[in-house]
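Number of protein chains: 2
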Amino acid sequence: MVGQVRSFNRTVTQRIGALHDRFLSRDRPLGQARLLWEIGPGGTDIRLLRSRLDLDSGYLSRLLRALERDGLIAVGPSAADGRVGTARLTSRGQAERETLDRLSDDAAQEILRPLGAGQRTRLITAMAEVERLVVASAVEVAVRDPRHPDARSCLRAYFGELAGRFESGFDPARSIPAEDDHLTMPAGLFLVASLHSEPVGCGALKLHGDGPAEIKRMWVAPAVRGLGLGRRLLAELEARAAARQVRVLRLETNHALTEAIGLYRACGYREVGAFNDEPYAHHWFEKHLGRPAGETAPKAGETVPAGRKPGSFGVVAGVQEHRLAPDVQGGQGAHADARSAPSA
Amino acid sequence: MVGQVRSFNRTVTQRIGALHDRFLSRDRPLGQARLLWEIGPGGTDIRLLRSRLDLDSGYLSRLLRALERDGLIAVGPSAADGRVGTARLTSRGQAERETLDRLSDDAAQEILRPLGAGQRTRLITAMAEVERLVVASAVEVAVRDPRHPDARSCLRAYFGELAGRFESGFDPARSIPAEDDHLTMPAGLFLVASLHSEPVGCGALKLHGDGPAEIKRMWVAPAVRGLGLGRRLLAELEARAAARQVRVLRLETNHALTEAIGLYRACGYREVGAFNDEPYAHHWFEKHLGRPAGETAPKAGETVPAGRKPGSFGVVAGVQEHRLAPDVQGGQGAHADARSAPSA
DNA sequence: ACATTTGCCTGACTATAGTCAGAGAATGGA
DNA sequence: TCCATTCTCTGACTATAGTCAGGCAAATGT
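And the structure:
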């Protein structure tokens, strides 16, 4: 497995990355091109640019002034806050950005051009799959204080969604409360999932000594649904509950939340009778932890067992192996001919 | 299609490339690390390094001496040719290389770690597919003089393979000859397929005025089989034949070459009676060009029709869209909540 | 044997990317 | 009102990556 990932890293990153950069930096340094793109039509606050591209403020400042000198952008103070600046594209900047857009298309075409029709569709499909899963793997899950802005943002989105999806609407005041203190150690905990440091999901655990603990506040942002994030949050909560000697987990949910119900079932939760009087709930679930298992997915954060083979493959350019892509093929036996010195 | 490729380029290249480089250049500049890797155990001639990494000779020289100063490599003249130098790793160099190897593994693990078991296998499968096809798209096909070293290398490999696979062996002198002049314009032409400027396949066309032309010397290196290269070479030959008013293509082949026979059939060649007395042939095929089509794959080198949508997506870092990966999902409607300023 | 080519090296440059320590203005909170 | 903080900018550096023009020595072809 690791071997395939490494092989992919070498071959694909190298080839596509190189092609990409070659097209983009045809007449402008890469850093500037990146920035020009990132500003986008409509303009962007400088501090946003800094955090998004993760640039030193001095460096960014210089890049901005280079673009400004070339008449591609105009920088002015933000309306709301006199300290922050806003960069916006001039019409020349817009044109330049459209050129970049076109070049990026060319780079993509360059990949597709040599392939046949069937190969193209297979490539597109596989690329979509890799992309989905790589994005999924870029999501980070961490314990956060429920009072943290990211947590608050998730909770707001969560309540908003409940209000939209429950046929009765949703009023937090009528629901059984789960106050911040109850979702903070030692009473419980709150997990936030982030993608590129923006919150995209959450889940909470409310402990009751060594009695059954409760799963609360399970939410995944619409943009990242279908990436297995719900399952991952749930597994993470279960692991942390188990680490605190919890034997039984419980949760209640509304019948409008069909994906959630499906998730709980798939993760080994069994429907039980109502164990509380939550007015918005239609289903109550329970799961006993520490089972002989077989039905639960391996927990996220677990170390992958796959051992490294001593003589395994490429690190960087790895052109030797990369060259004739023996990884791609099964065997690598009798092609000495193809490798024979071309200039002999 | 182009949109998906672009989206992939941004997301995957960015994420994986960044991770990769972060691991590798922990204590050594990337250029040096790459070089150290490329030299490999057993050492490599400097001119090979130059062509493989496509480096300026001056720059390479400096990199080599930096590594030499650090005691990681030793450079000496090659045994065969006093002009060329050979770089080989010292024991410290070996150790350093193994560290890089380990770091590269770590980078791969880092991708897999957050995923569940099912996701991992799906990712691996999709990565293998993308890699195969990206390698396929990196193969270049061009007309070459059959006397060119690359062409010679292919022919040598081709004859070698025939000798190994025909139960009777193969002696070029007994076969109907196709001399260099007959495979050079205007009498014919010779195609060479290269991957990273190493020859990996060939195919030739022998014209007979406006009579049936012959396909000859079809060969694909074992390491790149299964990438559709044979089909591509064949399509390319057909296109060039058609451009010269050829109406009918012919070829003969030996029954030991089962993949080739399958390829010809799949590409619309019909078996016909022997049209020559080639002693090594068991099957003779023919194809009429310029048919109403439907059975031939689209010719390589053809322009892809897929038009660019005016407001389409990211060029460079493209963090805006990239961030919550709307491309990955179908829709992008109601997740304003998840985007709301995390620092609000 | 001699001219040409090939392969590597050196010196002299340039551009890009990035870091770090402040300075100075605007803002927010006590 | 004042103090601490936030945000951007400037100056002063450094490292990496690369380019280009020769120079010298070994090999090659005639």
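In order, the protein sequence lines correspond to chains A and B.
Sequential numbering from 262 applies to the first sequence in our numbering.
Sequential numbering from 262 applies to the second sequence in our numbering.
Where is the CB? At the ideal position from N, CA and C, for every residue including glycine.
In this text the structure is predicted, and so the values were computed from the model without any measurement.
- Item | chain B within 8 angstroms of A465 of chain A, Cβ atoms only | no
- Roughly how far, in whole angstroms, is the beta-carbon of R402 of chain A from the beta-carbon of E497 of chain A, given that I think they are within contact range, below 8 angstroms? The sequence shown places Val at residue 402 of chain A, rather than the Arg named in the question. Contact flag correct, Cβ pair sits at about 5 angstroms.
- Message: For the pair the segment 306-322 of chain B and the segment 263-283 of chain B, tell me if three or more CB-CB distances fall below 8 angstroms.
- Response: no
- Task: For my contact list, L394 of chain B and L376 of chain A are in at a C-beta cut-off of 8 angstroms; report their separation, rounded to the angstrom.
- Result: 7 angstroms
- Those runs of the alpha helix (DSSP H) which lie wholly inside the segment 428-516 of chain B and span at least 4 residues: 490-504
- So which residues on chain A does L394 of chain B lean against when the C-beta distance must stay under 8 angstroms? L376, Q380, R383, L384 and A387
- Contacts around L615 of chain A, its chain only, beta-carbon distance under 7 angstroms, and the 5 residues preceding and following it disregarded: Residue 615 of chain A is absent from the structure shown; chain A starts at 262 and stops at 605.
- Per DSSP, D306 of chain B is paired with what? B:T347
- Message: 8 angstroms is my cut-off, CB to CB: does P553 of chain B come that close to chain A?
- Response: Reliability of the predicted coordinates at P553 of chain B is poor, the pLDDT of 46 falling under 50, and no value is obtained from them.
- Between which two residues does the alpha helix (DSSP H) harbouring H281 of chain B extend? Q275 to L285
- Counting along the chain, where does the alpha helix (DSSP H) carrying G292 of chain B start and finish? L291 to I300
- Can you tell me which of A:G491, A:R413 and A:V533 puts its alpha carbon nearest to the alpha carbon of W480 of chain A? A:G491
- Mind checking which residues open and close the beta strand (DSSP E) that includes P338 of chain A? I334 to P338
- Item | Bridge-paired residues (DSSP) for V404 of chain A | A:L452
- Task: Would you mind stating whether N515 of chain A and I437 of chain A have Cβ atoms separated by less than 8 angstroms?
- Result: no
- Item | When A:D282, A:G462, A:A535 and A:L510 are compared against R211 of chain A, the one with the closest alpha-carbon | No statement about residue 211 of chain A is possible, as the shown extent of chain A runs from 262 to 605 and does not include it.
- Spatial neighbours of V577 of chain A in its chain, beta-carbon cut-off 6 angstroms, leaving aside the 5 residues before and after: Residue confidence for V577 of chain A is low, a pLDDT of 26 falling below 50, so the modelled location carries little weight; the figure read from the coordinates is stated next. Correct list: empty, nothing qualifies.
- What do you reckon, are the CB atoms on T274 of chain B and H281 of chain A nearer than 8 angstroms? yes
- Do you know whose CA, among B:A517, B:S318, B:R486 and B:P407, lies nearest G464 of chain B's CA? B:P407
- State the DSSP-derived secondary structure class of F420 of chain A, mapped to helix, strand or coil. helix
- Task: Pull up the distance between the alpha-carbon of L488 of chain A and that of F269 of chain B, whole angstroms please.
- Result: 16 angstroms
- Task: Flag this pair as touching only if the segment 328-348 of chain B and the segment 378-395 of chain B have three or more C-beta atom pairs under 8 angstroms; answer yes or no.
- Result: no
- Task: Give the secondary structure of F546 of chain A by DSSP, where H, G and I count as helix, E and B as strand, and everything else as coil.
- Result: strand
- Message: Please classify Y530 of chain A as buried or exposed, where buried requires at least 16 other C-beta atoms within 10 Å of its C-beta.
- Response: buried
- Task: With a cut-off of 8 angstroms on the beta carbons, I'd call W298 of chain B and R358 of chain B a contact; round off their distance for me.
- Result: 6 angstroms
- Message: Here's the rule I'm using: 16 or more other beta-carbon atoms within 10 Å means buried, otherwise exposed. How should S429 of chain B be labelled?
- Response: exposed
- Task: Establish whether the CB of L373 of chain B and some CB of chain A are separated by less than 8 angstroms.
- Result: yes
- For S243 of chain B, decide whether its Cβ has a neighbour in chain A, counting only Cβ atoms nearer than 8 angstroms. Since the first and last residues shown for chain B are 262 and 605, residue 243 of chain B lies out of range.
- Query: Leaving out the 5 sequence neighbours to the left and right, which residues in its chain are closer than 8 angstroms to P302 of chain B when beta-carbon positions are compared?
  - Reply: L350, Q355 and R358
- Can you give me the Cβ contacts of A484 of chain B inside the same chain, cut-off strictly under 8 angstroms, excluding the 5 residues immediately before and after it? V461
- Item | Through-space distance from A279 of chain A to V336 of chain B, alpha-carbon basis | 29 angstroms
- My guess is that L518 of chain B and K548 of chain B are in contact by the Cβ rule of under 8 angstroms, so how many angstroms apart are they, rounded? So it is not a contact: roughly 17 angstroms between Cβ atoms.
- Near L291 of chain A, what residues of its chain come up, given a Cβ to Cβ distance below 8 angstroms and the 5 sequence neighbours on each side ignored? D282 and L285
- Task: Give me the Cα-Cα distance between F546 of chain A and R405 of chain A, rounded to the nearest whole angstrom.
- Result: 25 angstroms
- By a C-beta neighbour count over all protein chains shown, 10 Å radius and 16 as the cutoff for buried, is D442 of chain A buried or exposed? exposed
- What did DSSP end up calling V532 of chain A once you bin it into helix, strand or coil? Note on residue identity: the sequence assigns Glu, not Val, to residue 532 of chain A. Residue state, collapsed to three classes: strand.
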